[in-house]
Amino acid sequence: MTHPILQNLRHSTYDVVSMGAERASQQARNMIPNPPQRRYHGNWLQPACCLSTGRCEQAPIWARAKRPHVDGAAIRSHLVCLRLCGGAMVQKPRFARGLSEEFMRDLREGALSGLLDATRTYRLDLQIREDYLNLYHDGKAVLKLEHRPRLSAYRAVIHSKFLPGVELPGPASSRKEHMCFDAGPGFVDAYASQLPKIIANACRYRHSEGAAEEALIRQSLIGSSPVVFIDRQVQVHGVSKRADVIGLTRDGERVILGEVKQGLNNDIQHLIDQLTPYYHIAAGADGCLSNEFAFAYRVVVEQKRELGVLPESIVFPAVPPRVDCLVMLCDYNEKSQLLGRLRGQAARSDLRIWLTCPFGPDYLLSPPEEWEQLCPSA
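First residue of the sequence shown? That's 2 in our numbering, and the numbers climb one at a time after it.
Okay, structure coming up:
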């Protein structure tokens, strides 16, 4: 039987972020007559009823309860769906992606739309995170833009070593090695005008592997690439290192967990150790993408298509696809012994691991049938 609150919400759409956190909290409190009598000390929680599928019938909601009632909300979808399960909650997953509707609207047609123009003009790589985005140039993050929904404002974060000779409207504050700017009216135009200087400064710290990674991402967007990369430099709670790239095969049958190494990087021989913890977090026991990752990347694909930075033909499958690992050794010297050591390590692994060796300057991936199988499970 449908809970009366669900019945009331079934035909209602509330954008929690655009409403503002306080207003959303009040809305939630007003609609729950007998809230769960449990106290959670600031942990992010998910209704347990959504755990099995990663989404509920209406839309998922992440709620933070500091008191025995729902105290705040942030969503990964356009709808609010309150699912009451006798107070049973679980901790928020370790991985989430997505921008609020307000953020998306400002990027499409509001004060932030100039960023999309700059992305196209300077061939920047836009990556969607959890409530913020990154812009990359040749592997260097030239902008982090954070949404501050309670203030209906944005904050720009740029590494200080990319800012010599750059003039951006203040006020500015420092955060370790970065400078933070209030991205209010006029900031985007000023940032776009200063981008050539920022890029020139960033190029002084250019790393060939980061540049190769970005070239792979850029080439993956053209029709002949078998994989479209939808995320990069992926950080997951509990894993110290980042995964280089996450991709989706064009047929939608596989998610690719990728590691990029350039030249004769000595880390090539240790790639299995680097891939293993990420694989076991991203993939379920059946070898398919976990529900929380599948939901996160379904949001990423939809929002990137909406922003025009991903081809319209790319659609995330309804059923979580299988996870395979792909090692990409860019400009690799076949005479090196590093690959032999990697093969020996892969033979003892239970992961599905493939190998390809793209070459510059294009770094276009070869068809999957030409990839080398590195382990018996593949």
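Ideal Cβ positions, reconstructed from N, Cα and C, are used throughout, including at glycine.
Counting only runs of at least 3 residues, the region 144 to 204 fully encloses the following beta strand (DSSP E) elements, listed from N- to C-terminal order: 154 to 160, 173 to 176, 179 to 183. The C-beta distance from leucine 343 to leucine 272 rounds to 6 angstroms, short enough to meet the 8 angstroms contact threshold. Residues of the same chain with a CB within less than 7 angstroms of the CB of glutamine 275, apart from the 5 flanking positions on each side, are Lys242, Glu260 in chain order. In the three-state DSSP reduction, isoleucine 315 falls in the coil class, being neither helix nor strand.
Taking a cut-off of 8 angstroms on C-beta distances, the region 214 to 225 touches the region 355 to 365, as three or more cross pairs fall below it. Counting along the chain, phenylalanine 96 sits inside no alpha helix (DSSP H), nor does DSSP assign it H or E at all. Here cysteine 331 is bridged, per DSSP, to Gln263.
For the options Glu214, Cys358, Glu373, the alpha carbon positioned closest to that of glycine 140 is the one of Glu214. Judged by pairs of C-beta atoms under 8 angstroms, the region 118 to 134 does not touch the region 314 to 329, as fewer than three such pairs exist. Around the beta-carbon of aspartate 126, 16 or more other beta-carbon atoms lie within 10 Å, marking it buried. Valine 302 sits in a helix when the DSSP states are folded into three classes. For tyrosine 137, the enclosing beta strand (DSSP E) covers residues 133 to 138. Looking at the backbone, the Cα of arginine 251 and that of valine 167 are separated by about 40 angstroms. The continuous stretches of beta strand (DSSP E) do not include arginine 243, and DSSP gives it neither H nor E.
Contact between the region 229 to 249 and the region 159 to 175 is absent: fewer than 3 CB-CB pairs across the two stretches fall below 8 angstroms. Secondary structure note for arginine 342: its alpha helix (DSSP H) is the uninterrupted segment 339 to 347. Scanning its chain for C-beta atoms nearer than 7 angstroms, with the 5 sequence neighbours on each side dropped, one finds around aspartate 190 the residues Gly115, in chain order.
According to the DSSP assignment, arginine 233 belongs to no alpha helix (DSSP H) but to the beta strand (DSSP E) extending over 228 to 235.
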